[in-house]
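4 protein chains.
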Amino acid sequence: MIAILITIMVLELRIPEGADWNAVRPVMPVFITYVMSFIVLGIYWNNHHLLIHAADRITGAILWANLHLLFWLSLIPFATGWTGRNNFAPLPTAVYGGVLLLCAIAYTILLRTLIAAQGADSRLKEAIGNDAKGYTSLAMYVAAIPLAFVDRRLSWTLYLAVLLIWFIPDRRIDKRLS
Amino acid sequence: MIAILITIMVLELRIPEGADWNAVRPVMPVFITYVMSFIVLGIYWNNHHLLIHAADRITGAILWANLHLLFWLSLIPFATGWTGRNNFAPLPTAVYGGVLLLCAIAYTILLRTLIAAQGADSRLKEAIGNDAKGYTSLAMYVAAIPLAFVDRRLSWTLYLAVLLIWFIPDRRIDKRLS
Amino acid sequence: MIAILITIMVLELRIPEGADWNAVRPVMPVFITYVMSFIVLGIYWNNHHLLIHAADRITGAILWANLHLLFWLSLIPFATGWTGRNNFAPLPTAVYGGVLLLCAIAYTILLRTLIAAQGADSRLKEAIGNDAKGYTSLAMYVAAIPLAFVDRRLSWTLYLAVLLIWFIPDRRIDKRLS
Amino acid sequence: MIAILITIMVLELRIPEGADWNAVRPVMPVFITYVMSFIVLGIYWNNHHLLIHAADRITGAILWANLHLLFWLSLIPFATGWTGRNNFAPLPTAVYGGVLLLCAIAYTILLRTLIAAQGADSRLKEAIGNDAKGYTSLAMYVAAIPLAFVDRRLSWTLYLAVLLIWFIPDRRIDKRLS
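Chains as they are written, first to last, in my numbering: chain A, 127 to 304; chain B, 127 to 304; chain C, 127 to 304; chain D, 127 to 304.
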């Protein structure tokens with residue numbers, strides 16, 4: 127379903143009316159946010175894929191934790207389009223961060239639910255460790271949201287920083303479980 | 127395909143024109159119905175997933191019963207968008223309930239067709255039992271539709287009640303078949 | 127991909143502007159064509175699914191025959207929307223039939239390519255037999271297209287007749303191969 | 127995900143307002159570009175499918191190379207719609223070629239990453255050989271982009287030529303690995 131969300135998002139890139147560079151200009155902020163959200167959803171896609179395959183048991187609680195994550199991810203195209211069309215205004219910037227924060231929280235919940243279901247000495251638990259990367263991201267999003275009303279560039283710098291932290295697929299899972 | 131429907135539904139969340147809270151306000155009813163329909167489709171997704179995996183034999187009749195269910199589910203995004211954009215007006219509220227009722231009937235037909243195809247002493251038949259949960263939901267939807275023209279809040283309360291009944295994946299199947 | 131096409135098609139069901147029956151009325155022809163195209167695509171989905179699973183060998187020619195079928199199927203949502211919004215006018219009716227004809231031809235090509243690739247005494251060849259059902263459908267579509275400019279009801283009766291012929295999944299494949 | 131992109135692209139085929147041939151005429155350039163992009167994405171779909179199945183090991187780098195390819199492929203519906211609606215104007219023609227070039231580069235990167243991950247004497251490496259077909263396509267796209275501002279027909283002839291080169295699925299992989 128994350129693949130579908132990524133593809134749906136491209137529909138927010140409205141086709142310019144004219145055929146010259148002036149017509150392309152208003153599409154640029156939408157394009158920049160599209161690139162960013164594509165990478166965010168790509169990171170979730172890769173890690174989610176590794177996570178689900180690392181699980182030996184699927185329970186009802188895991189199905190709901192997964193659906194909960196998909197709910198917040200499904201709002202990314204909306205938040206992306208709104209930010210892009212309003213030239214990174216403060217409120218859409220904060221809402222974009224809020225959606226990212228809720229996605230990150232939902233991912234953490236899914237991770238905890240998965241680990242709990244696998245039993246005490248699972249490979250998954252060992253592979254994730256203390257999840258410093260996850261908690262650092264949450265803290266950075268929490269800081270970025272109010273900063274949108276101070277200086278939007280601070281928020282976008284933080285969103286970008288989280289992106290860079292996660293750019294590499296979760297080697298913890300990748301290495302220990304393969 | 128249910129995953130695609132959920133994702134398509136997010137396209138009904140039209141991006142607000144402005145970048146302040148006033149611009150967000152008209153999106154709120156659509157957002158509330160989006161959340162509700164997301165959960166409804168999520169419940170069908172989880173249970174449908176468990177059902178199909180519990181079946182040992184797939185026949186032509188099952189394929190059609192499945193397609194019949196998907197037809198009514200495919201109208202949920204339409205009914206959701208119509209209700210949300212008209213502030214929960216009576217007719218869209220009744221139509222929304224009608225679509226939910228027809229989905230529930232189609233699910234019951236699929237369930238019966240699946241059980242019939244598995245033979246007399248199947249695990250699936252035993253797991254479902256007398257399907258009290260399914261028939262209660264049908265009765266509640268039948269009551270909710272005419273109530274939309276009396277007081278819409280009664281209908282929405284009933285829709286929400288059915289949601290809560292089904293929120294937990296079908297433990298009957300989950301437990302006995304795993 | 128047929129599942130995605132079916133779901134995309136629901137986007138043609140534009141949400142009515144008002145909340146009363148008058149607002150619903152203009153949506154009705156689109157809804158009727160939606161139901162019909164849903165069944166058409168559903169028939170292709172079921173039969174395509176059985177076909178692909180019945181194949182023991184996949185070649186480059188099969189991949190292209192499959193993509194060719196998907197191309198014509200991908201035009202069904204477009205033809206459906208055009209017909210529905212123009213109240214079954216002659217030209218859209220003929221174009222709708224033309225798309226259905228080309229889908230049926232592409233399906234026949236895929237079927238022949240698959241049989242050829244499986245070798246002389248394949249189960250698939252035996253199961254399909256002389257394909258009377260396929261060739262009857264082609265003849266009915268060829269007749270229906272020019273009739274759209276005489277009396278549109280004749281065309282729609284023929285489209286509906288083909289639908290009824292195919293409503294049951296291809297028992298030939300279903301029975302002999304399961 | 128390539129299947130979803132192809133299907134999303136059909137949404138660019140806006141339904142004509144009237145029901146006669148005059149209403150269809152403005153849709154024609156969009157239809158022609160739709161056919162072309164459908165074939166381009168179909169070629170990627172088929173080859174991508176063969177590539178992924180030919181890989182014995184999937185690493186984090188492969189996942190990212192894959193996502194990188196999907197990013198550029200996701201812009202094809204946008205570039206297609208822009209070109210089609212502006213009657214093959216120079217700038218959209220050049221941008222369309224630019225997107226195709228970046229897709230081809232990303233495909234080459236994915237191919238190299240896959241080969242590197244499979245080890246020195248992999249079947250994949252042997253099957254691809256010196257990849258003359260890939261590098262010829264890149265050269266043709268590089269030539270076609272500036273030519274869009276000289277004579278657009280030259281660009282479209284080159285795009286079409288690359289299409290013909292790739293029309294047959296990658297027999298190198300198909301034959302040696304099956």
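Idealized CB from N, CA, C, for every residue including glycine.
Just so it is clear, the structure is predicted and the values come from calculations on it, not from any experiment.
When the Cα atoms are used, what is the spatial distance from residue i to residue j?
{"i": "C/S304", "j": "C/I178", "result": "Confidence at C/S304 is low in this model, with a pLDDT of 47, below 50, so the placement of that residue should be treated as unreliable; the coordinate-derived value is given next. If you take the alpha carbons of C/S304 and C/I178, they lie about 13 Å apart."}
{"i": "B/I254", "j": "B/W292", "result": "14 Å"}
{"i": "D/A149", "j": "A/L250", "result": "59 Å"}
{"i": "C/I128", "j": "B/A180", "result": "24 Å"}
{"i": "A/Y160", "j": "A/A215", "result": "16 Å"}
{"i": "A/A287", "j": "A/I130", "result": "26 Å"}
{"i": "C/F164", "j": "B/S200", "result": "10 Å"}
{"i": "D/L264", "j": "D/G223", "result": "10 Å"}
{"i": "A/D146", "j": "D/L290", "result": "30 Å"}
{"i": "C/N173", "j": "D/T133", "result": "20 Å"}
{"i": "A/N192", "j": "B/R151", "result": "29 Å"}
{"i": "C/L280", "j": "C/P218", "result": "14 Å"}
{"i": "A/Y267", "j": "D/G186", "result": "25 Å"}
{"i": "B/L195", "j": "D/R183", "result": "39 Å"}
{"i": "A/F275", "j": "A/A269", "result": "12 Å"}
{"i": "A/L176", "j": "A/P272", "result": "33 Å"}
{"i": "A/F204", "j": "B/L139", "result": "7 Å"}
{"i": "A/V153", "j": "B/N212", "result": "31 Å"}
{"i": "D/L167", "j": "B/L226", "result": "37 Å"}
{"i": "B/A243", "j": "C/I169", "result": "21 Å"}
{"i": "B/W171", "j": "A/L189", "result": "10 Å"}
Where does residue i fall in DSSP's three states?
{"i": "D/Q244", "result": "helix"}
{"i": "B/V276", "result": "coil"}
{"i": "B/E252", "result": "helix"}
{"i": "B/N192", "result": "helix"}
{"i": "D/W171", "result": "helix"}
{"i": "A/I128", "result": "helix"}
{"i": "A/A265", "result": "helix"}
{"i": "C/L220", "result": "For the sequence presented, residue 220 of chain C should be read as Ala rather than Leu. Note: C/A220 maps to helix in three-state DSSP."}
{"i": "C/R238", "result": "helix"}
{"i": "B/A187", "result": "helix"}
{"i": "A/G260", "result": "helix"}
{"i": "A/F157", "result": "helix"}
{"i": "C/A181", "result": "coil"}
{"i": "D/A145", "result": "coil"}
{"i": "C/S304", "result": "Confidence at C/S304 is low in this model, with a pLDDT of 47, below 50, so its placement is unreliable and the value that follows should be read with caution. Correct three-state label for C/S304: coil."}
Which residues in chain B sit within 9 Å of residue i, going by Cβ to Cβ distance?
{"i": "A/M162", "result": "Ordered by position in chain B, no residue passes the 9 Å Cβ test against A/M162, which lies about 17 Å from the chain."}
{"i": "A/L131", "result": "T133 and V136"}
Starting from residue i, trace the alpha helix (DSSP H) both ways and give me its first and last residue.
{"i": "D/R151", "result": "Counting along the chain, D/R151 falls outside any alpha helix (DSSP H), and DSSP gives it neither H nor E."}
{"i": "B/L137", "result": "Where B/L137 is concerned, there is no enclosing alpha helix (DSSP H), given that its DSSP letter is neither H nor E."}
{"i": "D/A205", "result": "I202 to R211"}
Chain C partners of residue i, CB-CB under 7 Å?
{"i": "B/A215", "result": "A145"}
{"i": "D/G168", "result": "L193"}
{"i": "B/F275", "result": "Residues of chain C passing the Cβ test: none, with the nearest at roughly 12 Å."}
Let me confirm a value: residue i is counted as buried when at least 16 other C-beta atoms fall within 10 Å, else exposed. Which label applies?
{"i": "B/Y261", "result": "exposed"}
{"i": "C/P142", "result": "buried"}
{"i": "A/G220", "result": "What sits at residue 220 of chain A in the sequence shown is Ala, not Gly. Buried is the call here."}
{"i": "A/P252", "result": "With the sequence shown as reference, residue 252 of chain A is identified as Glu, and Pro is not the correct amino acid for it. Under this definition A/E252 is an exposed residue."}
{"i": "B/S197", "result": "Ser is not the amino acid found at residue 197 of chain B; the sequence shown has Phe there. With 16 or more other Cβ atoms within 10 Å, it is buried."}
{"i": "D/M162", "result": "buried"}
{"i": "A/T239", "result": "buried"}
For residue i, return the contacting residues in chain B, with the cut-off set at a CB-CB distance below 7 Å.
{"i": "A/F204", "result": "V136, L139 and I141"}
Give me the chain D residues within the contact set of residue i, using Cβ-Cβ distance strictly less than 8 Å, ordered along the chain.
{"i": "C/N172", "result": "Those within 8 Å of C/N172 in chain D number zero; the least Cβ separation is about 18 Å."}
{"i": "C/N212", "result": "G144 and A145"}
{"i": "C/P218", "result": "A145"}
{"i": "C/G207", "result": "I141"}
{"i": "C/S281", "result": "Result: empty, since nearest Cβ-Cβ is about 14 Å, beyond 8 Å."}
{"i": "C/S200", "result": "I132, T133, V136 and F164"}
{"i": "C/I266", "result": "A quick correction: the sequence has Met, not Ile, at residue 266 of chain C. Under the 8 Å cutoff, chain D gives no residues; its nearest Cβ is about 23 Å from C/M266."}
{"i": "C/M154", "result": "In chain order: nothing, as chain D lies at least about 17 Å away."}
Check the Cβ of residue i against every Cβ in chain C and list those closer than 9 Å, keeping chain order.
{"i": "B/F157", "result": "Under the 9 Å cutoff, chain C gives no residues; its nearest Cβ is about 15 Å from B/F157."}
Mind listing the chain D neighbours of residue i? Cutoff is C-beta to C-beta under 7 Å, in chain order.
{"i": "C/S263", "result": "Residues of chain D passing the Cβ test: none, with the nearest at roughly 24 Å."}
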